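According to our numbering, the sequence shown is numbered sequentially starting from 2.
Ideal Cβ placement from N, Cα and C applies to all residues, glycine included.
Note that the structure is a prediction, hence the values are computed from the model and not measured.
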Amino acid sequence: MPAPLDHLKKLLPPRILEIVERETPIPTIAARAGELAVADPGLVRADIGQISGFHPELEVLYGPPSGLNELRAAIAESWNLSHGLERGAGGLDRTNVAVTTGAAEGISVLFKCFASGKKVGLPRGFWENYLNGVALAGGEWVVIDYFDGEGRLDLEGLRRTVLAEKIEVLVANFPCNPTGAVLVEEEARALAGLIEELELLCIADEVYDRLRYDGVRALSLLPFAPGNVVTVSSASKEYLLPGARVGYVLSAKSELTDLVVRKMVRASSGGPNVLGQRLMLERLERDLIDLRAGREPGLLSSIRDEMKRRRDGLLQVLEDYGFGRVGRPGHEPQGTIFLMASLPDWWRGSDASFARAALEACCVSVVPGSAFGLEDAVRFSYGGMTVERIARLADNLHRFRAKTIL
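Here you go:
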């Protein structure tokens with residue numbers, strides 16, 4: 002059965018293919034000059050497009066458009082160890098990794114490559130910036146349901162929607178922002194099988210892949226359908242670095258990461274944040290020591306444990322004040338740093354009016370669910386909530402509810 006990524010260049014719009022095939026002498030010369038300068042310090046570097054050699058201790062040189070090679074290698078190794086893959090047996094190396102300016106740039110680049118003139122299936126309960134990415138790429142979006150009313154993965158419903166709407170690109174976001182919904186391995190395999198059967202290109206937004214609380218190891222769609230799935234992730238949440246803007250694209254097809262994404266990043270932002278990459282590499286290398294020894298990574302595990310405590314506390318407070326759970330029916334939110342809650346009976350307005358009123362009353366800041374395609378709900382982030390703040394939320398909701406009812 003043909004896989005979309007086996008014929009990568011046929012998928013690309015003409016304007017994107019032109020960028021990919023255009024020679025880029027500046028980064029090409031810079032990369033080769035860097036290699037030669039290590040072997041022969043006598044080489045005079047006249048290609049560096051910035052002031053250097055004046056205050057060396059202050060300098061931050063440009064990095065390669067695809068990211069620092071040592072970081073790409075560390076990401077590949079960490080991903081292989083976290084997902085139980087071995088290099089050369091379905092695993093990745095640095096050529097299968099392209100670093101981007103946050104996961105947002107990675108997703109935007111992939112939409113530009115694959116969504117132009119096509120229908121894109123977005124999950125019900127989607128990150129609102131998907132809409133911008135699809136629109137800027139010249140595609141159309143269709144909301145799809147991954148789960149039925151009982152919370153089961155609805156493969157037949159997905160098949161019907163894909164065929165009826167003529168969807169060619171599918172976005173899978175597990176663990177899901179905003180609902181915290183996750184898949185288990187059996188479901189991931191089944192979904193990947195459907196993606197292969199329907200010959201879909203799947204963009205798997207797996208930013209929260211290793212922030213899940215059900216005891217399941219990191220789980221990705223990529224190993225189950227490597228010819229169809231491209232994964233996007235980042236250092237933002239799990240390594241406490243959202244402002245560093247370091248994301249990455251993973252693909253079993255190195256032509257996509259080592260050529261196409263590299264050229265697209267070069268054409269847009271020029272290259273990812275070097276300082277942010279160094280910070281990520283430093284923290285990633287700490288966890289690689291544990292992963293290589295067969296242990297849970299210490300930094301990531303401590304963050305995950307704390308997020309689970311916060312999630313549990315927030316769920317209890319929201320239940321006490323009449324909020325329901327929105328997302329996968331019958332399932333607790335088991336990943337990310339977000340959860341979606343339906344509005345309580347004591348609130349008579351819209352989700353947008355709740356968000357405004359609660360903020361102005363200095364009760365709590367939430368995002369209206371309508372921003373994610375889920376009306377009459379609001380998104381809570383517990384990433385910035387300490388246990389003490391969650392206790393304070395209960396007091397604030399008590400006063401806010403009393404004022405609302407009166």
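Same chain, Cβ closer than 7 Å to residue i, neighbours up to 5 away in sequence not counted
{"i": "Gly-331", "result": "Glu-151 and Gly-152"}
{"i": "Lys-309", "result": "Tyr-214"}
{"i": "Thr-387", "result": "none"}
{"i": "Gly-181", "result": "Gly-328, Pro-334, Gln-335, Gly-336, Thr-337, Phe-339 and Leu-340"}
{"i": "Val-368", "result": "Ala-356, Val-379 and Arg-380"}
{"i": "Leu-18", "result": "Lys-10"}
{"i": "Ala-31", "result": "Asp-48"}
{"i": "Leu-257", "result": "Leu-6, Leu-9 and Val-231"}
Nearest to residue i (by Cα), restricted to the options the options
{"i": "Asp-352", "options": "Ala-362, Gly-85, Leu-340 and Leu-375", "result": "Leu-375"}
{"i": "Ala-205", "options": "Gln-51, Leu-285 and Val-231", "result": "Val-231"}
{"i": "Trp-142", "options": "Pro-124, Asp-149 and Phe-148", "result": "Pro-124"}
{"i": "Val-318", "options": "Ala-116, Asp-306 and Ala-395", "result": "Ala-395"}
{"i": "Ala-136", "options": "Pro-243, Leu-159, Glu-157 and Val-110", "result": "Val-110"}
{"i": "Val-365", "options": "Ser-117, Leu-398 and Glu-71", "result": "Leu-398"}
{"i": "Thr-29", "options": "Ala-358, Lys-264, Gly-295 and Gly-350", "result": "Lys-264"}
{"i": "Arg-393", "options": "Cys-363, Ser-371 and Glu-58", "result": "Cys-363"}
{"i": "Arg-296", "options": "Phe-115, Gly-85, Ala-245 and Val-185", "result": "Gly-85"}
{"i": "Ala-245", "options": "Gly-216, Leu-257, Leu-280 and Ser-255", "result": "Leu-280"}
{"i": "Cys-114", "options": "Glu-389, Arg-16 and Pro-243", "result": "Arg-16"}
Whether residue i touches residue j by CB criterion (8 Å)
{"i": "Ser-79", "j": "Leu-241", "result": "no"}
{"i": "Pro-65", "j": "Gly-271", "result": "no"}
{"i": "Asp-48", "j": "Ala-38", "result": "no"}
{"i": "Val-247", "j": "Ser-235", "result": "yes"}
{"i": "Lys-119", "j": "Val-45", "result": "no"}
{"i": "Ile-391", "j": "Leu-315", "result": "yes"}
{"i": "Leu-292", "j": "Ala-75", "result": "no"}
{"i": "Leu-12", "j": "Leu-202", "result": "yes"}
{"i": "Arg-312", "j": "Tyr-383", "result": "yes"}
{"i": "Leu-192", "j": "Ala-173", "result": "yes"}
{"i": "Leu-132", "j": "Pro-176", "result": "no"}
{"i": "Asn-81", "j": "Gly-92", "result": "yes"}
Status (buried if at least 16 other CB within 10 Å, exposed otherwise) for residue i
{"i": "Lys-167", "result": "exposed"}
{"i": "Asp-7", "result": "exposed"}
{"i": "Trp-348", "result": "buried"}
{"i": "Gln-278", "result": "buried"}
{"i": "Asp-259", "result": "buried"}
{"i": "Asp-306", "result": "exposed"}
{"i": "Ile-27", "result": "exposed"}
{"i": "Gly-140", "result": "buried"}
{"i": "Thr-101", "result": "buried"}
{"i": "Arg-218", "result": "exposed"}
{"i": "Pro-298", "result": "buried"}
{"i": "Gly-350", "result": "exposed"}
{"i": "Pro-273", "result": "buried"}
{"i": "Val-266", "result": "buried"}
{"i": "Glu-320", "result": "exposed"}
{"i": "Leu-72", "result": "buried"}
Cutoff 6 Å; reference residue i; Cβ partners in own chain excluding five residues on either side
{"i": "Glu-60", "result": "Ser-53"}
{"i": "Ile-145", "result": "Gly-122 and Thr-162"}
{"i": "Ile-108", "result": "Gly-134 and Val-233"}
{"i": "Ala-253", "result": "Pro-227"}
{"i": "Val-261", "result": "Val-21"}
{"i": "Glu-207", "result": "Ser-221, Thr-232 and Ser-234"}
Residue i to residue j span [Cα, whole Å]
{"i": "Asp-155", "j": "Leu-282", "result": "39 Å"}
{"i": "Gly-103", "j": "Ile-406", "result": "43 Å"}
{"i": "Ile-20", "j": "Asn-130", "result": "24 Å"}
{"i": "Gln-335", "j": "Val-183", "result": "6 Å"}
{"i": "Lys-404", "j": "Pro-345", "result": "14 Å"}
{"i": "Phe-112", "j": "Leu-360", "result": "34 Å"}
{"i": "Ala-268", "j": "Phe-355", "result": "42 Å"}
{"i": "Ala-4", "j": "Asn-229", "result": "6 Å"}
{"i": "Glu-106", "j": "Ala-99", "result": "11 Å"}
{"i": "Leu-222", "j": "Ser-83", "result": "14 Å"}
{"i": "Phe-401", "j": "Gly-325", "result": "17 Å"}
{"i": "Leu-164", "j": "Pro-224", "result": "25 Å"}
{"i": "Ser-303", "j": "Pro-42", "result": "44 Å"}
{"i": "Leu-220", "j": "Ala-342", "result": "25 Å"}
{"i": "Phe-148", "j": "Arg-95", "result": "35 Å"}
{"i": "Arg-190", "j": "Glu-58", "result": "50 Å"}
Residue-level contact to chain C via CB, residue i, 8 Å cutoff
{"i": "Ala-268", "result": "No chain C is present in this structure, which holds just one protein chain."}
Own chain partners of residue i with C-beta closer than 8 Å, once the 5 adjacent residues on each side are dropped
{"i": "Phe-373", "result": "Gly-126, Phe-127, Trp-128, Glu-129, Pro-179, Met-341 and Arg-380"}
{"i": "Leu-300", "result": "Tyr-240, Arg-284, Arg-287 and Asp-288"}
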